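To convert, count from 1 in the sequence shown and add 11; that's our numbering. We treat Cβ as the ideally placed atom computed from N, Cα and C, and that holds for glycine. Just so we're clear, the structure is a prediction, and the values are computed from it rather than from any experiment.
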Amino acid sequence: MVKIARTALHSSLTYINSNSKKEKNEALIGQVSGETLRLWQPGFVRVWDSIPVEEAEPMFFTVECDKFTKIVNSCTTSVISMLVKDKKLHISFGKSRVRLPFLESVETEVVPPPDTVSQIVVWDDFIHSL
Numbered sequence: 012m013v014k015i016a017r018t019a020l021h022s023s024l025t026y027i028n029s030n031s032k033k034e035k036n037e038a039l040i041g042q043v044s045g046e047t048l049r050l051w052q053p054g055f056v057r058v059w060d061s062i063p064v065e066e067a068e069p070m071f072f073t074v075e076c077d078k079f080t081k082i083v084n085s086c087t088t089s090v091i092s093m094l095v096k097d098k099k100l101h102i103s104f105g106k107s108r109v110r111l112p113f114l115e116s117v118e119t120e121v122v123p124p125p126d127t128v129s130q131i132v133v134w135d136d137f138i139h140s141l
């Protein structure tokens, strides 16, 4: 079982939803390794995020992003518990229990974001003209 702060998960899902150009019912891939939940939204614009977890065990899931976000938004407690069982993500908070079925996916892990380097070349003539 994994326990995670609702505010951290909510912030991460808000970030992912606002930055990805996703189709309706797009998959959200999650993986817990160590003390971190890594989330990845594949698609036209790929978005990654990582969240520290309070209690952790290795876990991998692929669920519908919109449904998962709605469940987290409806949570009234400060901590959300998640467990993977029978190709479903079991989410519990307070007295509520929700089972979210997995989406079919070819992914077996969260792909790390690419290393990028930004570089701007400015000619010395331009600098001297300032």
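- The stretch 133-140 makes no contact with the stretch 45-53, as fewer than three CB pairs between them are under 8 angstroms.
- DSSP, read as helix, strand or coil, puts L20 in helix.
- For a cut-off of 8 angstroms, the C-beta gap from K98 to F79 is around 15 angstroms, too long to register as a contact.
- Between the stretch 78-94 and the stretch 50-62 there are fewer than three C-beta pairs closer than 8 angstroms, too few to call the two in contact.
- For F137, the enclosing alpha helix (DSSP H) stretches over residues 135-140.
- Considering only K106, H21, M93, V109, the residue with the shortest C-alpha distance to Q42 is M93.
- Contact annotation: Q52 and E37 have beta-carbon atoms nearer than 9 angstroms.
- In this structure, V58 is the residue among I15, S22, V58, V109 with its C-alpha nearest to the C-alpha of S31.
- Straight-line measurement puts the Cα of H101 at about 23 angstroms from the Cα of Y26.
- Residues of the same chain with a CB within less than 6 angstroms of the CB of A67, apart from the 5 flanking positions on each side, are V13, V43, E46 in chain order.
- Going by DSSP, T80 is part of the alpha helix (DSSP H) stretching over 76-85.
- In the same chain as F104, and ignoring 5 residues on each side of it, the C-beta atoms closer than 8 angstroms to its own belong to R17, C86, T87, T88, V90, I91, S92, in chain order.
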